[in-house]
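**Q**
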């Protein structure tokens with residue numbers, strides 16, 4: 001990583017989706033240069049021991065910072081579900097996204113599994 005790749009220093013918020021299978025931690029972030037502006041989404045997926053499982057990123061073109069945060073979490077959750085993870089601890093610096101995940105997690109997960117969220 002270069003010094004220009006600065007990570008937010010905000011304390012991360014968490015949400016937990018639990019199941020009786022494989023578990024992981026999903027760390028997400030989205031950002032835009034301007035609001036709206038050029039935006040991107042990124043995800044790090046970690047195994048239970050903290051080791052890196054994968055990194056994902058997506059360029060979004062022009063978007064708001066909230067759209068970038070949501071795209072990041074959707075990108076990570078779709079990947080984790082496709083790989084068979086059923087217990088997913090989600091961490092991010094967007095209080096809005098994390099609180100909505102906690103409140104609506106069943107709807108989120110069902111919509112993702114059905115392919116209703118792209």
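Numbering (UniProt numbering), first residue to last: 1 to 118. Note that the Cβ used here is the ideal one computed from N, Cα and C, for glycine as well.
My parser needs the beta strand (DSSP E) runs of 3 or more residues fully inside the UniProt domain "RNase H type-1" (20–118); what are they?
**A** Considered as a whole, the UniProt domain "RNase H type-1" (20–118) harbours 22–34, 37–46, 52–63, 85–92 as its complete beta strand (DSSP E) runs of no fewer than 3 residues, in chain order.
**Q** Report all residues from its chain with a CB closer than 7 Å to the CB of residue 78; omit the five preceding and five following residues, and keep chain order.
**A** Within the chain shown, numbered from 1, the residue matching residue 78 stands at position 78. 112.
**Q** Do you know how far the Cα of residue 69 is from the Cα of residue 100?
**A** Taking the first residue of the chain shown as position 1, residue 100 is located at position 100. Taking the first residue of the chain shown as position 1, residue 69 is located at position 69. Straight-line Cα distance between these residues: approximately 12 Å.
**Q** Closest to residue 65 by C-alpha separation, out of 38, 115, 84, 104, would be which residue?
**A** Taking the chain shown and counting its residues from 1, one reaches residue 65 at position 65. Nearest to residue 65 by C-alpha distance, out of 38, 115, 84, 104, is 38.
**Q** Find the nearest neighbour of residue 60 within the set 74, 92, 54, judged by alpha-carbon distance.
**A** Mapped onto the chain shown, residue 60 falls at position 60. For the set 74, 92, 54, the Cα lying nearest the Cα of residue 60 is the one of 74.
**Q** By the 10 Å Cβ neighbour count, where 16 or more other Cβ atoms means buried, how is residue 71 classified, buried or exposed?
**A** Looking up residue 71 in the chain shown gives position 71. With 16 or more other Cβ atoms within 10 Å, it is buried.
**Q** Taking all protein chains shown into account, do 16 or more other C-beta atoms lie within 10 angstroms of the C-beta of residue 88, making it buried, or fewer, making it exposed?
**A** Counted from its first residue, the chain shown places residue 88 at position 88. With 16 or more other Cβ atoms within 10 Å, it is buried.
**Q** Going by beta-carbon coordinates alone, are residue 57 and residue 43 separated by less than 9 Å?
**A** The residue you call residue 57 lines up with position 57 of the chain shown. The residue you call residue 43 lines up with position 43 of the chain shown. It is a contact, given that the beta carbons lie within the stated cut-off.
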